[in-house]
Amino acid sequence: MNDSIMLNKRWKGAAAVLLSAASFALSSILYKIAFRAELTPAQVLAAHTWIASGLLTVYVILFQRNILRLNWSILGAMAIAGLLGKLGTNILFASSLQYLPASLATLLLYLYVVFVIASRIIFLKKKTNLVEGIASLIVLMGAFLASGIMFNAESMSLIGVFIALGAAFCYTIYNILGEVFLGKISPLAVMFYTQWFSALGLLGYLGKEVTKIPWGNPSLWLIGAAMAFICSILPFYLILYGIARIGSSKASILSTLELPLAYILSGILLGELPTWNQTLGGLFVLIGIVFSNFRKRVHIEN
0 MNDSIMLNKR WKGAAAVLLS AASFALSSIL YKIAFRAELT PAQVLAAHTW
50 IASGLLTVYV ILFQRNILRL NWSILGAMAI AGLLGKLGTN ILFASSLQYL
100 PASLATLLLY LYVVFVIASR IIFLKKKTNL VEGIASLIVL MGAFLASGIM
150 FNAESMSLIG VFIALGAAFC YTIYNILGEV FLGKISPLAV MFYTQWFSAL
200 GLLGYLGKEV TKIPWGNPSL WLIGAAMAFI CSILPFYLIL YGIARIGSSK
250 ASILSTLELP LAYILSGILL GELPTWNQTL GGLFVLIGIV FSNFRKRVHI
300 EN
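Shown next, in the form of structure tokens:
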């Protein structure tokens, strides 16, 4: 009986992580749909960011008021993570989607794995190992292959590639600061404060353009609300639900399915079929990430 309950618990946890990956994968798809509705990246990002901030605030006030108490040093780190990490990632990733297919932009964002390993060595003085080194090389090889620089450089947007790499670098900042401070505050607190600093930073970034946001456009509200809930709040809840039932190591491996899901969903919903080099490159990146995460899982279990 206990084995049956545990198995059911694991299946629910795995399903939650897979749904979380699908939710994250939908982010680039919804941006593309917004562009087709003649909305700009800044307009969609504003609706998405501010709606998500409002929903999170309501939840925190009702159920988690304790996270509103933080010391100034941690608050400063959350400001950097929110402004450079979260906001920088969102602005650059949304901009890259104007030049690149959704699947390729998502793939290049996964270079943050390599950047994180390098940053941990340089700034946190952490030691790496052969497995992480091999995983990084596989990811780099896959990203280079998928970018198309070797095969169709004339038809490929180098601007889009560099913008996507900038997004990966900003996401690295978010991850490094998260690694440093997650032992001191809860994941929900990290999400709440970085979300709000991102929202305030976006207000400054847009400046007078705020007055040009078409708040009377139903498409803006619909897509913004969908991204706030489906791509921000829901996957965060699902990944925590999954980690509680199957553990962080297994969850990290399953969550890498975001990449193939982005390929599949962009093909089905947008008609953006990946080229052979994007497919092969995506496979390399996926193998590299799974290889890196599997090593972490073995280390934790040992």
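In this text, residue positions in the sequence shown follow numbering that gives the first Met the number 0: the first is 0, and each later residue adds one. In this text, a Cβ means the ideal position worked out from N, Cα and C, and glycines have one as well.
Neighbourhood of residue i by C-beta distance below 8 angstroms, restricted to the same chain and skipping five residues each side
{"i": "ASN7", "result": "none"}
{"i": "VAL209", "result": "ALA45, LEU202"}
{"i": "TYR111", "result": "ALA167, PHE168, TYR170, THR171, ASN174"}
Expected contact under 8 angstroms - CB spacing of residue i and residue j to nearest Å
{"i": "THR171", "j": "VAL115", "result": "5 angstroms"}
{"i": "GLY84", "j": "LEU176", "result": "6 angstroms"}
{"i": "ILE73", "j": "LYS207", "result": "Going by Cβ atoms, the distance from ILE73 to LYS207 rounds to 33 angstroms, so no, they are not a contact pair."}
{"i": "LEU25", "j": "CYS230", "result": "6 angstroms"}
{"i": "ALA21", "j": "LEU260", "result": "5 angstroms"}
{"i": "LEU44", "j": "ILE79", "result": "Rounded, the Cβ-Cβ distance is 19 angstroms, inconsistent with contact."}
{"i": "ILE222", "j": "TYR109", "result": "No, ILE222 and TYR109 are not in contact; Cβ-Cβ is about 24 angstroms, not under 8 angstroms."}
{"i": "LEU264", "j": "LEU106", "result": "Not confirmed; about 13 angstroms, so no contact."}
{"i": "ALA93", "j": "TYR30", "result": "6 angstroms"}
For residue i, the nearest candidate out of the options (CA to CA)
{"i": "PHE290", "options": "TRP195, ILE137, LEU164", "result": "ILE137"}
{"i": "SER19", "options": "GLY53, LEU139, SER185, PHE235", "result": "PHE235"}
{"i": "ALA104", "options": "ALA14, SER22, ALA167", "result": "ALA167"}
{"i": "TYR204", "options": "ILE238, ALA36, PRO40, THR278", "result": "PRO40"}
{"i": "VAL284", "options": "TYR262, ILE267, GLU271, LEU269", "result": "TYR262"}
{"i": "LEU69", "options": "VAL209, LEU106, LEU187, GLY287", "result": "LEU187"}
{"i": "ALA227", "options": "ILE158, ILE162, MET190, GLY270", "result": "MET190"}
{"i": "ILE32", "options": "GLY241, GLN277, LEU219", "result": "LEU219"}
{"i": "ILE11", "options": "LYS211, ARG119, ASN276, GLY241", "result": "The sequence as given places Lys at residue 11; Ile does not occur at that position. Here the closest residue by C-alpha is GLY241."}
{"i": "ILE267", "options": "SER102, VAL112, PHE34, VAL57", "result": "SER102"}
{"i": "ARG9", "options": "ARG244, ILE50, ILE79, VAL209", "result": "ARG244"}
{"i": "LEU54", "options": "GLY215, TRP275, ILE232", "result": "ILE232"}
{"i": "ALA354", "options": "LEU264, TRP275, LEU237", "result": "With the chain covering only 0 through 301, there is no way to say anything about residue 354."}
{"i": "GLN42", "options": "PHE161, TYR111, LEU269, ASN216", "result": "ASN216"}
{"i": "TRP303", "options": "GLU37, LEU144, LYS211, TRP214", "result": "Residue numbering for the chain in the displayed model covers 0 to 301; residue 303 lies beyond these limits and cannot be assessed."}
{"i": "PHE23", "options": "LEU282, LEU256, SER52, LEU269", "result": "LEU256"}
{"i": "MET77", "options": "SER135, ARG35, PHE180", "result": "PHE180"}
{"i": "LEU282", "options": "LEU139, SER52, VAL59", "result": "LEU139"}
{"i": "LEU86", "options": "SER52, TRP214, PHE161, ARG35", "result": "SER52"}
Span of the alpha helix (DSSP H), counted from its first residue to its last, around residue i
{"i": "GLY203", "result": "186-205"}
{"i": "THR210", "result": "No alpha helix (DSSP H) contains THR210, which DSSP labels as neither H nor E."}
{"i": "LEU267", "result": "At residue 267 the sequence reads Ile, which differs from the Leu that was named. No alpha helix (DSSP H) holds ILE267; DSSP gives it neither H nor E."}
{"i": "GLN42", "result": "40-62"}
{"i": "ILE307", "result": "Any property of residue 307 remains undetermined from this structure, which presents the chain solely from 0 to 301."}
{"i": "PHE92", "result": "87-95"}
{"i": "LEU74", "result": "71-79"}
{"i": "PRO217", "result": "217-227"}
{"i": "SER156", "result": "That residue, SER156, is in no alpha helix (DSSP H); it is neither H nor E in DSSP."}
{"i": "LEU103", "result": "101-108"}
Beta-carbon contacts of residue i that lie in its chain and below 7 angstroms, excluding the five residues immediately before and after
{"i": "MET0", "result": "Reliability of the predicted coordinates at MET0 is poor, the pLDDT of 48 falling under 50, and the value obtained from them is presented with this limitation in mind. Cβ neighbours of MET0 beyond the five flanking positions: none."}
{"i": "THR88", "result": "ALA166, CYS169, TYR170, TYR173"}
{"i": "ILE50", "result": "GLY223, ALA224, ALA227"}
{"i": "GLU271", "result": "PRO100, ALA101, SER102, SER265"}
{"i": "ILE212", "result": "GLN42, ALA45"}
{"i": "VAL297", "result": "Reliability of the predicted coordinates at VAL297 is poor, the pLDDT of 43 falling under 50, and the value obtained from them is presented with this limitation in mind. Hits under 7 angstroms: none found."}
Own chain residues within Cβ distance below 6 angstroms of residue i, not counting five before or after
{"i": "GLY81", "result": "THR193, PHE196, SER197"}
{"i": "GLY159", "result": "SER95, TYR98, LEU99"}
{"i": "LEU269", "result": "LYS31"}
Buried or exposed (CB count within 10 angstroms, at least 16 for buried), residue i
{"i": "SER185", "result": "exposed"}
{"i": "PHE62", "result": "exposed"}
{"i": "GLY141", "result": "buried"}
{"i": "ALA163", "result": "buried"}
{"i": "VAL16", "result": "buried"}
{"i": "THR48", "result": "buried"}
{"i": "VAL113", "result": "buried"}
{"i": "ILE120", "result": "exposed"}
{"i": "GLY200", "result": "buried"}
{"i": "PRO273", "result": "buried"}
{"i": "GLY132", "result": "exposed"}
{"i": "LEU157", "result": "exposed"}
{"i": "ILE28", "result": "buried"}
{"i": "GLU37", "result": "exposed"}
{"i": "ILE60", "result": "exposed"}
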